[in-house]
Amino acid sequence: MPKQPSMRMCIACKKLFNKKDLNRIVRTPAGDVLFDKTGKAAGRGAYICSDPECLKLCVKNRLLNKSFKTNIPQEAYDRLLTDYESK
């Protein structure tokens, strides 16, 4: 039997995607919030699709607070936006 692809949900638009098609944002054990380019970084992860509007919605509504079950400072959201725009 063929292996089923790993499906994950975008935290902003709530659509299901193949795990490989999403960007992973991770909160490291040290508390840093950053994009995980490898998909294997240690820490709690949240997935967001490549639509720029989803990232803007995530920042506007502070969706990472719910995903990471902690208060994420605004500086971390700003850093995610600049990292995304530099990709």
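FYI, the numbering for the sequence shown is 2 to 88, going by our numbering.
We put the beta carbon where it would ideally sit given N, CA and C, even for glycine.
For the beta strand (DSSP E) that residue i lies in, which residues bound it at each end?
i	result
Ala47	Arg45 to Ile49
Asp79	First-last for Asp79: Gln75 to Ser87, but that is the alpha helix (DSSP H), not the beta strand (DSSP E).
Asp37	Val34 to Asp37
Met8	Met8 to Met10
Run the CB neighbour count on residue i, radius 10 Å, all protein chains shown included, and call it buried at 16 or more, exposed below.
i	result
Arg1	In this structure the chain extends from 2 to 88, so residue 1 is not present and cannot be described.
Leu17	exposed
Ala31	exposed
Ala13	buried
Ala43	exposed
Asn66	exposed
Mind checking which residues open and close the alpha helix (DSSP H) that includes residue i?
i	result
Leu58	Pro53 to Asn62
So what does residue i bridge to, in DSSP terms?
i	result
Leu65	According to DSSP, which records beta bridges pairwise, Leu65 is partnered with nothing at all.
Asn72	According to DSSP, Asn72 bridges with nothing at all.
Leu1	Only positions 2 to 88 of the chain appear in the structure, and residue 1 is not among them; the question remains open.
ask   = Is the region 73 to 85 touching the region 45 to 65 in the sense that three or more CB pairs, one from each, lie closer than 8 Å?
value = yes
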